[in-house]
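Counting in our numbering, the sequence shown runs from 204 upward without gaps.
Note that CB positions come from ideal geometry on N, CA and C, so glycine has one too.
Just so we're clear, the structure is a prediction, and the values are computed from it rather than from any experiment.
Working notes, beginning with the structure itself.
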Amino acid sequence: MLHSLLILVAEGEEHAGIAQMFEVGQSSFYWTLAIFLLSLPFMWKMVFGPITKALEEREDAARESARAAEAAREETERMKAAIQDDLDAARQEAAKQVAEAKARASAREQELMAAAKAEAERERARARQEIEAALGAARETLRREAVAIAVEVAERVISREFSDADQARLVSEFEQEFAS
């Protein structure tokens, strides 16, 4: 059609026809308006309705996506808070277990120290008993040797020898005097 229109313009024969083609009269205006108003419900139902419905569906889908995203964000926040709570609880439990382990180690250390002290005290008492026994034995040996030396000196002094019975009696008397 555009091609035809250009041909007409180029020929120049129907210059007046082209101008009439663009002229709008009152009757054609009313007819156009009437056709438009009569076709408006049809266009509204067949054209604008589906477009409006598609736009509303798109808007609803966008709202639903936004709601789903917000719900997912809230769920993520709840899960993050729950994980943080679990992590805090685990840290507290670990700290509690460490404190309990330290307390058990300290108690065990005290037990071992007490056992070591008791063992050292027993060893010290045993050593004292051994020393006292050795000291008593040494004193007894020293007494006997002192008596023997005294008897020997006395024999030499009086130049006579004692019998075993005399010697035992003298040792016994000397021990009694020496012990007191």
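Residue 242 carries a helical assignment under DSSP once its states are collapsed to helix, strand and coil. If one requires a minimum length of 4 residues, the alpha helix (DSSP H) runs lying completely within the region 323 to 383 are 367 to 382, in chain order. Using a Cβ-Cβ distance cut-off of 8 Å, the region 343 to 355 and the region 370 to 377 are in contact, since at least three pairs of beta carbons, one from each stretch, lie closer than that value. The distance from the Cβ of residue 378 to that of residue 346 is about 6 Å, consistent with a contact at the 8 Å cut-off.
Excluding five sequence positions before and after residue 328, none of the CB atoms of its chain fall closer than 7 Å to its own CB. Rounded to the nearest whole angstrom, the C-alpha separation of residue 271 and residue 246 is 35 Å.
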